[in-house]
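Just so we're aligned, residue 600 is where the sequence shown starts under the numbering used here, counting upward by one.
Backbone N, C-alpha and C define an ideal beta-carbon position, used for all residues, glycine too.
All values derive from a computational prediction rather than experimental measurement.
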Amino acid sequence: MSILSGKNILLGISAGIAAYKTASLVRGFIKAGANVKVVMTPASKDFVTPLTLSTLSKNPVSSTFYNEEDENAVWNNHVELGLWADYFIVAPATANTLSKMANGVCDNLLLATYLSAKCPVYFAPAMDLDMYKHPSTLNTFKTLESFGNIMIPATSGELASGLVGQGRLAEPEDIVTFIENNILGKLPLRGKKILITAGPTYEAIDPVRFIGNHSSGKMGFEIAKAAANLGGEVVLVTGPTYQKVSHSLIQVQPVTSAQDMYEAAHEHYNTVDVAILSAAVADYRPKEVADKKIKKKETTLTLELEKTKDILASLGAIKTKQLLVGFALETNNELEFAKGKLKKKNLDLIVLNSLQDKGAGFKGNTNKVTIIDNKDNVTAYTLKSKAEVAVDIMNEIITKLDA
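Below you can see the structure in the form of structure tokens.
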């Protein structure tokens, strides 16, 4: 999954021959999982039709403040467009449009939207060689960059005039890649490797039955997504679960038993910067596992159980550079037990859940946590969606990493 997945991208198209490439650019953003809307200058419609772009983006295309042919038409609100966007990309960006952007000229919907946008703005110049090199154009580039806008440089090649040189619009796939890399490069976990465990473990009784628990794995999967969206390279070791994730920065390693998870966690631990053990690992397993299905003969069945290996404690014992995060699910004396677990297992942070809190715990879409660090700082959070809780956890981790 691309870092652009789920993001709102507003594509601004100005009137250059390179506008024909924007159909492929819209498809590239859609393929990356983004939501796309298009705003065009009126003259750009001479190069590519709104019908093409609306079909590909599955959204109406805007080019004027209102439809002059329909007296009942609704105003195209440039402020709403600007606020909707997570990223605004002007491509192709002609010398004319760029100059207007740099000087605050506001004579069409695209420019009004640009002046209203609160999101990062990228611009991809496209013009003839001499126009690209002209001092006024170079000054425009500098002015826009001083505003915090990000330039996607034009490439060299054959231009519409027949000249060969710089000024050619970057190819659509290269524009998508440039934006992805630019976003990733600014993320706080870029270059960090993160191990996350999630879900339950199943401890076999026989080939058919097992001992397990009610963990859905949802919290761990949300943490994995939050870490990846912050630029982290994630190894997600997960017990049996129906949860799914698709992200270019998440490697999923499925396991079944506590022993499987122990081995996988130790396999990756020496290479990671952060380990977050959110899995609900079985504390006990059958001492003997039947090689055939146990037949139902008696009214009772006695199983002898033995302790599983404590994954969290074992990692805490060999911790070097890693920031180690554990979870505690308690029903009474919650804070006291969580602090004891943090100290005993040599953790940096522990995330406390209480089954006494309505909306917290297994299976649901919400959670309520308290995060305690090894300096005895306690931060209690309100009930939130598990996706929001995951972001809170990752923010606490980033604060620890930066300390």
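Would a C-beta distance cut-off of 8 Å place V637 and V625 closer than the cut-off?
yes
Would you grab the beta carbon distance between K908 and A857 for me? Rounded to a whole angstrom, and I think it's under 8 Å.
7 Å
Report the option in T901, D882 and D773 whose CA atom is closest to the CA atom of A889.
T901
Secondary structure, beta strand (DSSP E): runs of 3+ residues fully inside the stretch 794-874:
832-837 and 849-853
CB of G830 within 8 Å of CB of I795, strictly
In this structure, the beta-carbon distance from G830 to I795 does not fall below 8 Å.
Pull the bridge partners of D727 from the DSSP assignment, please.
DSSP lists no partner for D727.
Could you have a look at G761 and say whether DSSP puts it in helix, strand or coil?
Correct three-state label for G761: coil.
On a CA-only basis, which of L934, A631 and G611 is nearest S643? Give me that one, please.
G611
Please state whether the Cβ-Cβ distance between V647 and A825 is less than 8 Å.
A825 is positioned such that its CB atom lies no closer than 8 Å to that of V647.
Examine the Cβ distances between the stretch 613-620 and the stretch 628-636 and report whether three or more of them are shorter than 8 Å.
By the criterion of at least three beta-carbon pairs nearer than 8 Å, the stretch 613-620 is not in contact with the stretch 628-636.
Can you tell me which of the three DSSP states R626 falls into?
helix
Which whole-angstrom value is the C-beta distance of L655 and I629, which I expect to be below 8 Å?
The beta-carbon separation of L655 and I629, rounded to 7 Å, stays under the 8 Å limit for a contact.
Buried/exposed call for S601, threshold 16 Cβ in 10 Å:
buried
For F746, count neighbouring Cβ atoms within 10 angstroms of its own Cβ and tell me buried if that reaches 16, exposed if not.
Answer is exposed; the Cβ neighbour count stays below 16.
Can you grab the Cα-Cα spacing for the pair K938 / I971, in whole Å?
7 Å
Straight-line CA distance for S755 to E770?
11 Å
Can you look up P641 in the DSSP assignment and give me helix, strand or coil?
helix
What residue ranges within the stretch 737-793 form continuous alpha helix (DSSP H) runs of no fewer than 4 residues, ordered along the chain?
771-784
Taking 7 Å as the limit between beta carbons, can you name the residues of its chain near P839, skipping five residues before and five after?
Result list for P839: G798, P799, Y801 and T855, in chain order.
Taking the Cβ atom as the reference point for each residue, do I949 and A927 lie within a distance shorter than 8 Å?
yes
Whose CA, out of N973, T965, L1000 and I996, lies closest to the CA of A986?
T965
Give every residue of the same chain whose Cβ lies closer than 7 Å to the Cβ of S984, excluding the five residues on either side of it in the sequence, and list them in chain order.
N964 and T965
Straight-line gap, L951 to L941 (C-alpha atoms, nearest Å)
10 Å
Is I909 helix, strand or coil by DSSP?
As written in the sequence, residue 909 is Asp, which differs from the Ile given in the question. Judged by DSSP in its simplified three-state form, D909 adopts coil rather than helix or strand.
Where the alpha helix (DSSP H) through L650 begins and ends
Where L650 is concerned, the enclosing alpha helix (DSSP H) starts and stops at P649 to S656.
Cα separation between P649 and S623?
14 Å
Answer with buried or exposed for H813, where buried requires no fewer than 16 other C-beta atoms within 10 angstroms of its C-beta.
exposed
Run through DSSP, which three-state label would L610 get?
strand
Residues bridged to N561 by DSSP?
The displayed coordinates of the chain run from 600 to 1002. Any statement about residue 561 would go beyond what the structure contains.
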